[in-house]
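Visitor: Following the numbering used here, the numbering of the sequence shown begins with 1 at its first residue and continues without gaps.
Quick reminder that beta carbons are idealized off the backbone N, C-alpha and C, glycines included.
The structure is given below, and queries will be raised subsequently.
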Amino acid sequence: MTEKELNKNILNQLNVIKRNDNSELIHFKSTSNFIEHLLNDDIDVETIKKSNFGNLGRIRKKELLLKYLVTIEKEIEITDKRSDELFQQYIIPIGNFMSTYYGFSYIGGRAFLLKIILILSLSISADFIIYYTTDKFMFITILISILSATRYGMKFKQRKIYGDRY
Numbered sequence: 001m002t003e004k005e006l007n008k009n010i011l012n013q014l015n016v017i018k019r020n021d022n023s024e025l026i027h028f029k030s031t032s033n034f035i036e037h038l039l040n041d042d043i044d045v046e047t048i049k050k051s052n053f054g055n056l057g058r059i060r061k062k063e064l065l066l067k068y069l070v071t072i073e074k075e076i077e078i079t080d081k082r083s084d085e086l087f088q089q090y091i092i093p094i095g096n097f098m099s100t101y102y103g104f105s106y107i108g109g110r111a112f113l114l115k116i117i118l119i120l121s122l123s124i125s126a127d128f129i130i131y132y133t134t135d136k137f138m139f140i141t142i143l144i145s146i147l148s149a150t151r152y153g154m155k156f157k158q159r160k161i162y163g164d165r166y
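Here's what the structure looks like:
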């Protein structure tokens, strides 16, 4: 199967599963973000095509994505447990590739909350240390919160986010 046929099959399968009511359980937003960046040619894809490893990985991930879409279409009912299995089997490997070559970020679940808690605790600790050593109050917590929110806002706008139930 050529790459153009593969792209066409992926888009056809996406149109079939769009009618599914369980878009959260089938990770529809993550899947559509992958498809948008894998199928659309842009500057990043040209640099990936230059390396055989990157190009081969891109084609393999397209095949894995097509396999995932076919599996979703064949499923009669997707439960929470089956959704987690599909996420581990398909979305995580594709997401790891997309993180490496396209700059995607994982968001969702406990990982996102853990990241927020870690960032806030470190920045609050830094604020207290600076305040007690120099008697000047720093706004590191606010600064880091704004930078993190801006970073994730840009990722959402560029559709470079994937995650569980996303």
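1) Would you check if the stretch 147-156 and the stretch 83-98 touch, i.e. whether three or more CB-CB distances between them fall below 8 Å?
2) Since Tyr162 and Asn33 are thought to touch, with beta carbons under 8 Å apart, how far apart are those beta carbons, to the nearest angstrom?
3) Tell me, please, whether the stretch 115-131 touches the stretch 57-68 by the rule of three or more beta-carbon pairs shorter than 8 Å.
4) If you reduce the DSSP assignment to three classes, tell me which class Ile26 lands in.
5) What would DSSP say about Ile43, mapped onto helix, strand or coil?
6) Are there 16 or more other CB atoms within 10 angstroms of the CB of Asp164, so buried, or fewer, so exposed?
7) Which whole-angstrom value describes the C-beta separation of Ser30 and Ile91, a residue pair presumed to lie in contact below a C-beta threshold of 8 Å?
8) May I ask you to report which of helix, strand or coil DSSP gives Ile76?
9) Name the DSSP beta bridge partners of Ser121, please?
10) Could you have a look at Ile107 and say whether DSSP puts it in helix, strand or coil?
11) Classify Ile146: buried if its beta carbon has 16 or more other beta carbons within 10 angstroms, exposed otherwise.
12) CB-CB under 6 Å to Ser83, same chain, minus the five flanking residues each way: which ones, in chain order?
13) Gln158 lies in the alpha helix (DSSP H); which residues open and close that run?
14) Per DSSP, Ile161 is paired with what?
Guide: This is what the structure gives:
1) no
2) Along the sequence shown, read from residue 1 onward, the residue named residue 162 stands at position 162. Along the sequence shown, read from residue 1 onward, the residue named residue 33 stands at position 33. Contact holds; Cβ gap of about 6 Å.
3) no
4) As a working mapping, residue 26 is identified with position 26 in the sequence shown. Coil.
5) Against the sequence shown, residue 43 aligns to sequence position 43. Per-residue confidence for Ile43 stands at a pLDDT of 46, beneath the threshold of 50, marking its modelled position as unreliable; the derived number appears in the next sentence. Note: Ile43 maps to helix in three-state DSSP.
6) Along the sequence shown, read from residue 1 onward, the residue named residue 164 stands at position 164. Classification of Asp164: buried, given that the 10 Å Cβ count is 16 or more.
7) As a working note, residue 30 is residue 30 in the sequence shown. As a working note, residue 91 is residue 91 in the sequence shown. Right, the Cβ-Cβ distance comes to about 6 Å (below 8 Å), so this counts as a contact.
8) Stepping through the sequence shown from its first residue, residue 76 is reached at position 76. It is coil, neither helix nor strand.
9) Counted from its first residue, the sequence shown places residue 121 at position 121. According to DSSP, which records beta bridges pairwise, Ser121 is partnered with nothing at all.
10) Here residue 107 refers to the residue found at position 107 when the sequence shown is read from its first residue. Coil at Ile107, not helix or strand.
11) Walking along the sequence shown from the start, residue 146 turns up at place 146. Exposed, by the Cβ-count rule.
12) Counting from one through the sequence shown, the residue named residue 83 turns up at place 83. So the qualifying residues of the chain are Leu25.
13) Within the sequence shown, numbered from 1, the residue matching residue 158 stands at position 158. Run containing Gln158: Ile140 to Gln158, per the alpha helix (DSSP H) assignment.
14) Sequence index remark: in the sequence shown, residue 161 carries index 161 (1-based). In DSSP, Ile161 forms a bridge with Ser105.
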